[in-house]
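Following the numbering used here from start to finish, the sequence shown increments by one per residue and tops out at 304. Only one structure is covered here, and it is reproduced in the block below.
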Amino acid sequence: MPIPPFHEMLLPLLRRSADGKEWTVAALRGPIADDFGLSDAERQELLPSNTQTRFVNRLCWAKIYLERAGLIDRVRRGVFTISDAGREVLAGNPSSITLAYLERFESFRKFRQSRQSEDGAGEAAEPQPALETPDAVLEKAHEALNDELAAQLLDEIADRTPAFFEKVVLDLMRAMGYGGWGDAAGRLTGKGADEGIDGIIHEDRLGLDTIYLQAKRWKDPVGRPEIHKFVGALHGRRARKGVFVTTSTYTSEAVDYADQIDTKIVLVDGRTLARLMILHDVGCTPAQTFVVKKLDSDYFIEE
Numbered sequence: 002m003p004i005p006p007f008h009e010m011l012l013p014l015l016r017r018s019a020d021g022k023e024w025t026v027a028a029l030r031g032p033i034a035d036d037f038g039l040s041d042a043e044r045q046e047l048l049p050s051n052t053q054t055r056f057v058n059r060l061c062w063a064k065i066y067l068e069r070a071g072l073i074d075r076v077r078r079g080v081f082t083i084s085d086a087g088r089e090v091l092a093g094n095p096s097s098i099t100l101a102y103l104e105r106f107e108s109f110r111k112f113r114q115s116r117q118s119e120d121g122a123g124e125a126a127e128p129q130p131a132l133e134t135p136d137a138v139l140e141k142a143h144e145a146l147n148d149e150l151a152a153q154l155l156d157e158i159a160d161r162t163p164a165f166f167e168k169v170v171l172d173l174m175r176a177m178g179y180g181g182w183g184d185a186a187g188r189l190t191g192k193g194a195d196e197g198i199d200g201i202i203h204e205d206r207l208g209l210d211t212i213y214l215q216a217k218r219w220k221d222p223v224g225r226p227e228i229h230k231f232v233g234a235l236h237g238r239r240a241r242k243g244v245f246v247t248t249s250t251y252t253s254e255a256v257d258y259a260d261q262i263d264t265k266i267v268l269v270d271g272r273t274l275a276r277l278m279i280l281h282d283v284g285c286t287p288a289q290t291f292v293v294k295k296l297d298s299d300y301f302i303e304e
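Structure representation (C-alpha cells):
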C-alpha cells in the first residue's frame, strides 16, 4: 500500500503510546509501519533530499501535531508520553483522528492560528495544491517548518536554566549587529549583581549608547509591574533604552505602559524571540537549501 499521509498516522501513534511509557519515534516506527502493512521498500523510501525516509518524516509530523494538540506530552527532546487529554480521546474510541478533530483543542487552535494572524484571518493553515501556485505552496511549507522550529526553540529554552536564557538573549543581540569588540561590547551582569538588569550591550560598535537587557523565562504573561521594575532599574542607571525579552507574552497593561513612558522599552515576546533566533541562526542551523530557478530571457536574445 502507499505510504499514508501523516494525518492518518495520528491515531495509530496515539494508540501505540497508550501504555503511559516514555516513547520515541524511533521506537514506534517499526510497530506503526507494521500496523499499515508497509513493505520494506516503502519503509526505506527516501525524501527527495535523501536526508530521511518518507515514512519517518510523516510520522514525525504526526507526533508534532499530537504534541501541539496536547494529546501527548514532551518529556525531553525526542521523548514523549501520552497525556491525560490523549487518554480521554482514546477512551472515546474514535475511528480516526483528523486535523479537523484536533481543532477542538485550544492549544492546537493557537498553533494553527499563529501563522494565520500574520497572513490574514481565514486563510487556510495548510497549502492546497489544487488551488495554490507552486510558489505559494513552497512558501507556505517553509512557513510551516519555521513555525514548528520556533516551537522547538521555545521548548528547548524552557528546559534550560534562567542563566542560559540570559545568554541566549545576549547572543541574539550580538547576532543582530549590536555590540562591538571584546567583552565590554556586551556582557551579562551575573546573578544578583544588578537587580532588574540581566545584560548590557552597546548599541553600536563604537559604544555611543548602551542598551540594557532583561530576560524572563516565564510561562505566564508578563504584567505591568515587571516592566515598571525594569524601568526603575534603567532610571537608576540613567539609561534611556532597554529590551525586555520573555518566552511568554505580555498583558495589554504592560504593552500600554511601555508605549506611554519616555524611556524607550522594546518588548519581545516568545513568538518574536523564536522568529528572530531563526532569522539570525541562533540555536538553529540551515538543514536544506532549495534553489528555485527561472528562465533567463536575455540568454535567448539573438544578435
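All C-beta atoms in this analysis are idealised placements derived from N, C-alpha and C, irrespective of residue type, glycine included.
N-terminal and C-terminal residue of the alpha helix (DSSP H) that residue i is part of
i: Gln-215; result: No alpha helix (DSSP H) holds Gln-215; the beta strand (DSSP E) holding it covers 211-217.
i: Arg-225; result: 225-237
i: Ile-65; result: 55-69
i: Leu-11; result: 11-17
i: Ala-240; result: Run containing Ala-240: none; DSSP gives neither H nor E here.
i: Tyr-102; result: 100-103
Which of helix, strand or coil DSSP assigns to residue i
i: Trp-24; result: strand
i: Thr-273; result: helix
i: Asp-74; result: strand
i: Phe-112; result: helix
i: Lys-265; result: strand
i: Gly-208; result: coil
i: Lys-141; result: helix
i: His-203; result: strand
i: Ile-83; result: strand
i: Ala-126; result: Unreliable placement is indicated for Ala-126, whose pLDDT of 41 sits below 50; the coordinate value is still reported in the next sentence. Coil at Ala-126, not helix or strand.
i: Pro-6; result: coil
i: Phe-245; result: strand
i: Leu-39; result: coil
i: Ala-131; result: Caution applies to Ala-131, whose pLDDT of 48 falls short of 50 and renders its modelled position unreliable; the value that the coordinates give is listed next. Correct three-state label for Ala-131: coil.
i: Asp-120; result: Per-residue confidence for Asp-120 stands at a pLDDT of 48, beneath the threshold of 50, marking its modelled position as unreliable; the derived number appears in the next sentence. Here Asp-120 sits in helix by DSSP.
i: Leu-280; result: helix
i: Leu-48; result: coil
Residue i versus the options, residue with shortest Cα-Cα distance
i: Gly-79; options: Ile-65, Lys-168, Val-170; result: Ile-65
i: Pro-287; options: Ala-176, Leu-150, Ile-4; result: Leu-150
i: Pro-32; options: Phe-56, Thr-252, Leu-154, Leu-47; result: Phe-56
i: Leu-12; options: Glu-23, Ala-28, Phe-37, Ala-27; result: Phe-37
i: Arg-239; options: Glu-254, Thr-248, Asp-263, Pro-222; result: Asp-263
i: Lys-230; options: Glu-254, Pro-163, Gly-197, Thr-162; result: Gly-197
i: Arg-276; options: Leu-67, Leu-207, Ala-152; result: Ala-152
i: Leu-209; options: Leu-47, Ala-186, His-8, Arg-77; result: Ala-186
i: Ala-137; options: Cys-61, Val-293, Gln-289, Gly-237; result: Val-293
i: Arg-113; options: Arg-188, Asp-85, Leu-67, Gln-289; result: Leu-67
i: Ile-167; options: Asn-147, Tyr-179, Asp-199, Gly-178; result: A quick correction: the sequence has Glu, not Ile, at residue 167. The shortest Cα separation from Glu-167 among Asn-147, Tyr-179, Asp-199, Gly-178 belongs to Asp-199.
i: Glu-204; options: Met-10, Leu-189, Tyr-300, Met-177; result: Met-177
i: Ser-50; options: Thr-290, Ile-302, Glu-9, Glu-304; result: Thr-290
i: Gly-71; options: Ser-40, Gln-45, Arg-110; result: Arg-110
i: Tyr-179; options: Tyr-300, Glu-46, Gln-45, His-281; result: His-281
i: Arg-206; options: Pro-163, Pro-226, Ala-234, Arg-175; result: Arg-175
i: Met-10; options: Asp-41, Pro-163, Leu-100; result: Leu-100
i: Leu-146; options: Arg-188, Ser-298, Phe-106, Cys-61; result: Cys-61
Residue i vs residue j beta-carbon contact at 8 Å
i: Gly-271; j: Thr-250; result: yes
i: Leu-91; j: Leu-15; result: yes
i: Gly-243; j: Ile-279; result: no
i: Ile-83; j: Gly-21; result: yes
i: Val-267; j: Leu-173; result: no
i: Arg-75; j: Ile-158; result: no
i: Val-256; j: Ala-216; result: no
i: Ala-241; j: Lys-220; result: Residue 241 is actually Arg in this sequence, not Ala. No, the Cβ-Cβ distance between Arg-241 and Lys-220 is not below 8 Å.
i: Ser-108; j: Arg-69; result: yes
i: Val-269; j: Val-246; result: yes
i: Ile-201; j: Leu-214; result: yes
i: Ser-18; j: Ile-98; result: no
i: Pro-222; j: Thr-248; result: no
i: Cys-285; j: Leu-139; result: no
i: Arg-88; j: Ile-4; result: no
i: Ala-86; j: Phe-7; result: no
i: Gln-45; j: Thr-52; result: no
i: Arg-105; j: Asp-160; result: no
Within-8 Å CB hit, residue i to chain D
i: Pro-5; result: Note that chain D does not occur in the displayed structure, where there is just one protein chain.
Q. Could you give the uninterrupted runs of the beta strand (DSSP E) lying entirely in the stretch 152-190, keeping only those of 3 residues or more?
A. 187-189
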